[in-house]
Structures are given as C-alpha cells and as structure tokens.
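Structure record follows, encoded as structure tokens.
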Ligand code: SAM
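Residue numbers (our numbering): 630 to 876.
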C-alpha cells in the first residue's frame, strides 16, 4: 500500500502555535520533508521529536520530488513542512502535491498557522472577500502589471513583503491606492507583534525603522468608487454600500 503525504502547518513565530494533530503526525510519519532541515530541527527538538529529515526547498524541489515519491510508493508516510506557516503558501509544496495527485497518492492537510489569514482577520478591513497576491514581482513590467491589478481590485488585497523591500513597496502602492485603508501586520505571534493602522505617507516614513516580517492588508477599490457615486445611487445600492462598510 502507498503511503500518505501530510501537509503540515507549523508556527509562524510562537512555538506554541502547533496543533495536537500536527504533533502526532510529526511523531508518526517515517520521514519529514523540510524547507530548511536546521530550522525544522529546532521545532522538532522543542517538541522532543526525533525523525529522519530530508531537505525540500525551492532549488531542489524538482529533483527531490522523485526521492519523496519513491518513499511514498514504498508505503512510507511523509510530512511536508516549510520554515513557517502553511506549506505551498509562498513556500515549496505545489510541485510535490501535484505529483502525488498524478501518482494517486493520498494527501492530507494538517491545518494551522498562516500569516495572511491572521493578518487579515485582525486588520479591521473587509474579510468577506479577499485576494492574496503573495510577494509583488521584482521584474519592472510584471510589478507594474500587478500594481495595476491592485489599483482595480475591489476585494481586500493581501501582500507579503520582506522588511528590506517594504519602503519601496509602500512607495509603489502610494501611487495607486489613494485614500484606501492599509494595515501593516508585523511580527505576528512574536513578542513585537503589532498592527499599524496609519495612512500610507506615515507608513513610508516609518518603514526604515520597522524590523521583522510583515503582511500588508489593503482595502478594496470599490469603497472609493461607491463614495464618489453616492449621490447617484438607488436606495438598494445605498443599502449594499452601507452593509459593506460594516467593518
Ligand atoms: N508559508 C507562510 C505562511 O503560511 O504564511 C509564508 C511564508 S513566506 C516565505 C514568508 C512571508 O510571510 C514573510 O515575508 C511575511 O510577509 C509573511 N510572514 C511569515 N511569518 C510572519 C509573521 N510572523 N508576521 C508577519 N508576517 C509573516
């Protein structure tokens, strides 16, 4: 019988944020495929789990999938983990998961932390519909295109960003988001966790002083358009508009 691939979410900072089920699965599997084995070893040591590890990261994803698939075909169970949060969300995972589907290997998600969801739910910005865009591309044309998408996006937009690129990203966003709300969620689950709710100019001023990991939550564009058109709305449109503002 073939083994199972468990896609296990791990903490995004606070080591207490791991489910009982995730701990049991990490104890039970034959092998753990980890983005950075040294990083995962710290978590395993904390949980007092000793288990064989194999590295599975962006640069060996293609070649390593064969090794992992072989193990699964032999009946071994494998847990896939990334450095933080949910594998496959701006982290390796997609390739091995697609391959398991092709090979008819069972895949079981073990839910847990994900930075974008926790940033979104505490942002105070509309959670009903949202659009996760990951990291903005670095390539100039692709970046411009993505920024244009954000400009017209009516749903709440979620972005990931590295601290040293934050200022540049905020400056680019300033040109397209006008007076839409923006919230910066920083160092989630860690000692210096904070939600910064300021206007974009103030955030740009602050950016150089901010350390650690960040998620950006941007209000959708429709609020502004509705506002401009307020005088021309029907009663029904007014009702929908105020319902959407209940944030
Ligand atoms: N797989 C992860 C998840 O489920 O959220 C995301 C990994 S991605 C490589 C790393 C990015 O996630 C960071 O640059 C930051 O934007 C965001 N992130 C991860 N941990 C975070 C934290 N504790 N606080 C704020 N943002 C975080």
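Don't be surprised by glycine CBs; every beta carbon is placed ideally from N, CA and C.
As the structure is a computational prediction, the values presented were derived from the model and not from experiment.
Item: Beta-carbon spacing of residue 707, residue 651 below 7 Å; Value: no
Item: Counted within 10 angstroms of its Cβ, other Cβ atoms place residue 699 as buried (16 or more) or exposed; Value: exposed
Item: Status (buried if at least 16 other CB within 10 Å, exposed otherwise) for residue 742; Value: buried
Item: For residue 636, the nearest candidate out of 809, 738 and 653 (CA to CA); Value: 738
Item: Where the alpha helix (DSSP H) containing residue 638 begins and where it ends; Value: Looking at the DSSP string, residue 638 is not in any alpha helix (DSSP H), and its letter there is neither H nor E.
Item: Extent of the continuous alpha helix (DSSP H) to which residue 836 belongs; Value: 829-836
Item: Heavy atom of the ligand SAM within 6 Å of residue 714 beta-carbon; Value: yes
Item: Cβ distance (whole Å) where residue 694 is taken to contact residue 725 below 8 Å; Value: 5 Å
Item: Under 7 Å between C-beta atoms of residue 641 and residue 752; Value: no
Item: Pair within 7 Å by beta-carbon distance, residue 631 and residue 734; Value: yes
Item: Those runs of the beta strand (DSSP E) which lie wholly inside the segment 641-712 and span at least 3 residues; Value: 660-663, 682-684 and 707-710
Item: Heavy atom of the ligand SAM within 6 Å of residue 844 beta-carbon; Value: yes
Item: Residue closest to residue 788, alpha-carbon to alpha-carbon, out of 749, 763, 802 and 774; Value: 763
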